[in-house]
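Here the structure comes first, spelled out in structure tokens, and everything after it is commentary.
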């Protein structure tokens, strides 16, 4: 149980375009979902925390108008990278937790590799 | 100074060796300590978590926390080629019902060779 999927697994887009990444909890209801970014040889950095039905909370330095997060249901959260630029190329990972899970009990998706050309 | 420091490796060991992976941290508010394993191009999976200082064992894995030294370790006994992955440490302060984030180390890349 506690499986999280992401789609697509990899995407290449042109500079200036937008790309949407989906994160789904397949067998549980995720009251909270997290979005991380991981650059090569660097640690996972939390970008934002989203709770179902409410606005996402962004970490300092993350542009909320550039990284749009929608957590419309208990099983789906989306991250839209708007007007993508090459520096946005990274590995984006989501995680999800149930209402009773503690913070360390996050279930991670397999990640989406974004390449902006 | 980073809140969590972790030697990125790569670390290469022969099959059957005992592996020691370590992290140091500077934030004394951290109370929960986690180890994740991440295979190439995959998301992290939780291996172990500990709350207090001391040792916690699960099969071939032992997690050790020394809060006085702000130092945590993960030991892998009888290492196998399937253990080849990147190991991430992560930490969190006391959890108060949401809002506390995990702070990750950069990860140590481990390769167990036949």
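Residue numbers (my numbering), protein chains in the order written: chain A, 1 to 117; chain B, 1 to 114. From the three backbone atoms N, C-alpha and C, an ideal C-beta is built for every residue, glycine too. Bear in mind the structure is a predicted one, so any value in this text is a computation, not a measurement.
DSSP lists B:65 as the beta-bridge partner residues of residue 54 of chain B.
In this structure, the CA atom of residue 64 of chain A is about 13 Å from the CA atom of residue 46 of chain A. Among the CB atoms of chain B, none fall inside 7 Å of the CB of residue 12 of chain A. Under the DSSP definition of a beta bridge, residue 34 of chain B partners with B:49, B:90.
Closest in C-alpha terms to residue 44 of chain B, from the list A:93, A:9, A:82, A:69, comes A:93. If the five residues before and after residue 56 of chain B are omitted, its C-beta is found closer than 6 Å to the C-beta atoms of 50, 63, all from its own chain and listed in chain order. Only buried fits residue 104 of chain A, as 16 or more other CB atoms lie within 10 angstroms of its CB. As far as DSSP is concerned, residue 18 of chain B takes part in no beta bridge. For residue 114 of chain A, the enclosing beta strand (DSSP E) stretches over residues 112-116.
In the three-state DSSP reduction, residue 82 of chain B falls in the helix class (H, G or I). In the structure shown, the three-state DSSP call for residue 113 of chain B is strand. When Cβ-Cβ separations below 7 Å define contact, residue 74 of chain A makes no contact with chain B. With its beta carbon at least 7 Å from every one in chain B, residue 79 of chain A lies outside the interface. Remark: three or more beta-carbon pairs, one from each stretch, lie closer than 8 Å, so the region 3-18 of chain B and the region 63-82 of chain B are flagged as touching.
Under a 10 Å Cβ-count criterion, residue 72 of chain A is classified as exposed, with fewer than 16 other Cβ atoms of the shown protein chains found around its own Cβ. At least 7 Å separates the beta-carbon of residue 10 of chain B from that of residue 80 of chain B.
Nearest to residue 30 of chain A by C-alpha distance, out of A:59, A:89, A:108, is A:108.
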